[in-house]
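Trainee: Respectively, the protein sequence lines represent chains A and B. In terms of the working numbering, the first sequence is numbered consecutively and its last residue is 271. In terms of the working numbering, the second sequence is numbered consecutively and its last residue is 261. Glycine included, each C-beta is placed from N, C-alpha and C at the ideal position. First, the structure itself, so that you have it in front of you.
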Amino acid sequence: MLTTWINLIPIGIMQSLMIAFVALGVMIPFRLLNFADLTSEGTFPLGGCLCALLLLQGIHPILAIFMSMLAGGLIGTFTAMLHLKLRINSLLAGIIVSTILYSVNLRLMGKPNVALFNQSTIFSLFASTDTHKTILLLVLNALVLCAMYAFLHTEKGLRFRAVGLNPQVSAQQGINLTRYTLMGLAFGNACNSLSGALMVQMQGYADIGMGVGILIHALAALMIGETLTGTTRLWQQLLAPFVGAVVYQQIQGLVMAMGLQPSDFKMVTGAMVLLTLAIQLWRGKRLV
Amino acid sequence: MLQIKNLSKTFAGHSQPTLSSISLTLQTGDFCMVIGSNGSGKSTLLKILLGEYAADTGKIRLGDQDIFKQPLYQRGKYISGVFQDVVRGTIADMTVSENLSLAYMRGRKATFGSYRQYQHVFMQHLSSLQMDLEKKLNTLCRELSGGQRQAIAFTMATLHSPQLLLLDEHCSALDPKSSQHIMESTAQLIQQKNITTLMVTHHLPDAIKHGNRLIMIHKGNIVFDVSGTEKKALTITQLLQRFHHHEDSLLMGEG
Ligand SMILES: Nc1ncnc2c1ncn2[C@@H]1O[C@H](COP(=O)(O)OP(=O)(O)O)[C@@H](O)[C@H]1O
Ligand SMILES: [Mg+2]
């Protein structure tokens, strides 16, 4: 059993370095803007499906990633508008948009899954071995986290945080809440789509079902991460999705090595979320 | 200059208007005290000016702009408020310096530059308060006392002289000593920067001592309005008499 698990570790780490972006994409609106956004369930597969199609069109893999992120970001602003302008509950807005995206993704691909054949990917271009892939993904994570950290220390970033912490005081300070909410959901969902796009380039195919359950997975990762890193300082909050994604994937690997079926994962994930909540409650920290 | 014309507001479910056709004009630099019994509509008036509530009818002009329909955040660029509720003035989970940075950036576009470059400006403002707050720039506001937080809120409100400053019992949740101190700093700064101000207070000695104008609101109407030398000559006894006059009429069912 132990050897099975150990054999799974490298694959698990690569996997989690991609999932970390969804965990970050969930964290940004949720923790920094106090906006519970469920759109990842739709923008993660959107990023994947779109990226696959773009690659098949012969678009450069890096450009394909950026275009997928752009699409995800736009969709994020759409969810935000549903909430801000039509006053739809933010959770419901996310569910509606994800549902719509399911059909859109299927339309885009024209069939439930699309395989890449000899299309070049960022991995085939820059990282042939698993070690290189892992390093590439680590660098990407570091880049995105550093960019986010730097942004949060600019004037715009300060306003962004203020909107999440206290919308009333923010408005009195002349801050346009709508603009920063749109920005946050665009950031978050661009990260979700980035994750989907990386996943597709790594595994060599896009599947319409690739987003199912991604949200709860990301949430579990985020909460495990927050329990481990803490959330009092900004860098801790930013690091939490990354740490959580890596640790959570290893827990999954362990569970799989113990002989549980992949279909049992959702139950394990749900139990993990509940357990983490219980630990946070017990420590007297905030709840979801 | 602030011009309010026939401002009315009736809350849903209320049979009586909370503000019934209020008109008031303040010249630039006027410091107007607002007094009146509980529930007379003072806070409602200030919240409408701030943009937090929408009035039913009326006109509000500030300078050469009609601001009646402007949303809160747009008015926030030139109208500041400090309120009784300390929680409303500052962001608890941000440091003093971060809060002040927000106020410093007010009314212009935020840049991609660091917000930490204005600390020296804050030092200067805070030290003039003589509350040792300049040593607390990196403290979270939630860790400050009520008086300290209110002092920060007041500094945020006046860092850039606003076109209109609204103070709603901003000293009343504080202990007598801090209350006194904040009131003195308030009056001094308003005069020094010549800020047009509306200040609600229940503390009649303050209402007498400060400001060049005083209005009394009763059941949504301005029932008493003095300024200049008349305001200077006002005594607490006279004000109390005014209060009693209106309360009595209330009891007798005339109001
Ligand atoms: N948000 C609100 N919804 C309904 N009624 C309100 C609201 N705010 C104030 N009121 C009512 O308006 C009246 C005046 O309140 P307020 O302006 O706070 O008085 P004051 O500040 O003079 O004590 C009260 O009767 C109060 O119940
Ligand atoms: Mg009041």
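Going along chain B, which residues have a C-beta under 8 Å from A/L148?
Mentor: I97, A98, D99, M100
Trainee: Thinking C-beta only, is B/M222 closer than 9 Å to B/D231?
Mentor: Yes, these two residues count as a Cβ contact at 9 Å.
Trainee: Using a Cβ-Cβ cut-off of less than 8 Å, give me the residues of the region 109 to 120 of chain B that come near chain A, in sequence order.
Mentor: A109, M111, R112, G113, A116, T117, F118, G119, S120
Trainee: Anything in the region 76 to 98 of chain B with a Cβ closer than 9 Å to a Cβ of chain A? List those residues in chain order, please.
Mentor: So the list reads P77, L78, Y79, Q80, R81, G82, K83, Y84, I85, S86, G87, V93, R94, G95, T96, I97, A98, given in the order they occur along the chain.
Trainee: Could you pull out every residue in the same chain whose Cβ sits closer than 6 Å to the Cβ of A/A145, ignoring the five residues on either side in sequence?
Mentor: So the qualifying residues of the chain are S153.
Trainee: Looking at the structure shown, is A/G147 part of a helix, part of a strand, or coil, going by DSSP?
Mentor: helix
Trainee: Can you give me the C-alpha to C-alpha distance between B/T117 and A/T137, rounded to a whole angstrom?
Mentor: Their backbone Cα atoms lie some 7 Å apart in a straight line.
Trainee: Could you pull the start and end residues of the beta strand (DSSP E) that B/G153 belongs to?
Mentor: No beta strand (DSSP E) contains B/G153, which is instead part of the alpha helix (DSSP H) from 152 to 164.
Trainee: Going along chain A in order, which residues have a C-beta closer than 9 Å to the C-beta of B/E1?
Mentor: This structure leaves residue 1 of chain B out entirely; chain B is present only between 7 and 261.
Trainee: Spatial neighbours of B/N105 within its chain, please: CB distance less than 8 Å, with the 5 preceding and 5 following residues excluded, ordered by chain position.
Mentor: Around B/N105: T96, I97, C147, I158, M162.
Trainee: With the cut-off set at 9 Å, would you say A/P28 and A/G196 are in Cβ contact?
Mentor: no
Trainee: Quick one, what's near ligand 1 if you take every residue whose CB is closer than 6 Å to any heavy atom, in chain order?
Mentor: B/F17, B/T24, B/G42, B/N44, B/G45, B/S46, B/G47, B/K48, B/S49, B/T50
Trainee: Run through the region 49 to 126 of chain B for me and flag every whole alpha helix (DSSP H) of 4 or more residues, listed as ranges in chain order.
Mentor: 78 to 81, 102 to 110
Trainee: At the 9 Å Cβ level, is A/L141 part of the contact set with chain B, yes or no?
Mentor: yes
Trainee: Using a Cβ-Cβ distance cut-off of 9 Å, determine whether A/H66 contacts chain B.
Mentor: no
Trainee: Determine contact between the region 53 to 62 of chain B and the region 194 to 202 of chain B, defined as no fewer than three beta-carbon pairs at a distance below 8 Å.
Mentor: At 8 Å Cβ cutoff, the stretches do not touch.
Trainee: Which one or two residues does DSSP pair with A/Y85 in a beta bridge?
Mentor: DSSP output for A/Y85 lists no bridge partner at all.
Trainee: Could you check whether the Cβ of B/V206 sits closer than 8 Å to any heavy atom belonging to ligand 3?
Mentor: As presented, the structure is devoid of ligand 3, carrying ligand 1 and ligand 2 as its sole ligands.
Trainee: Rank B/S27, B/G113, B/G42, B/R122 by C-alpha distance to the C-alpha of A/I158 and give the top, closest one.
Mentor: When only C-alpha atoms are compared, the closest one is B/G113.
Trainee: Sorry if obvious, but does the Cβ on B/Q90 come closer than 8 Å to a heavy atom of ligand 2?
Mentor: yes
Trainee: Using a beta-carbon distance cut-off of less than 8 Å, what residues from the region 150 to 161 of chain A approach chain B?
Mentor: Q151, V152, S153, A154, Q155, Q156, G157, I158, N159, L160
Trainee: Counting only Cβ pairs nearer than 7 Å, list the residues of chain A close to B/E104.
Mentor: L141
Trainee: Examine ligand 2 and report whether any of its heavy atoms sits within less than 8 Å of the Cβ of B/E175.
Mentor: yes
Trainee: Could you name the residues of chain B that A/A145 contacts, counting a contact when the two beta carbons are closer than 9 Å?
Mentor: I97, M100, E104, N105, L108
Trainee: Measuring CB to CB, does A/L33 end up less than 9 Å from A/S176?
Mentor: A contact, by the Cβ cut-off of 9 Å.
Trainee: State yes or no: is the beta carbon of B/M205 nearer than 9 Å to at least one beta carbon in chain A?
Mentor: no
Trainee: Any idea if B/K15 is buried or exposed, counting beta-carbon neighbours within 10 angstroms, 16 or more meaning buried?
Mentor: buried
Trainee: DSSP on B/L240, reduced to helix/strand/coil?
Mentor: coil
Trainee: Is B/S27 helix, strand or coil by DSSP?
Mentor: DSSP places B/S27 in strand when its eight states are reduced to three.
Trainee: Show which residues of chain B have a CB atom less than 9 Å away from the CB atom of A/H136.
Mentor: S120, Y121, R122
Trainee: Per the contact definition of three or more C-beta pairs closer than 8 Å, is the region 55 to 65 of chain A in contact with the region 167 to 182 of chain A?
Mentor: yes
Trainee: If you check the beta carbons only, do B/V40 and B/T207 fall under 9 Å apart?
Mentor: yes
Trainee: Report the residue ranges of all beta strand (DSSP E) runs contained in full by the region 27 to 81 of chain A; include only those spanning at least 3 residues, in chain order.
Mentor: none
Trainee: By the three-class DSSP mapping on this structure, what secondary structure does A/A3 have?
Mentor: helix
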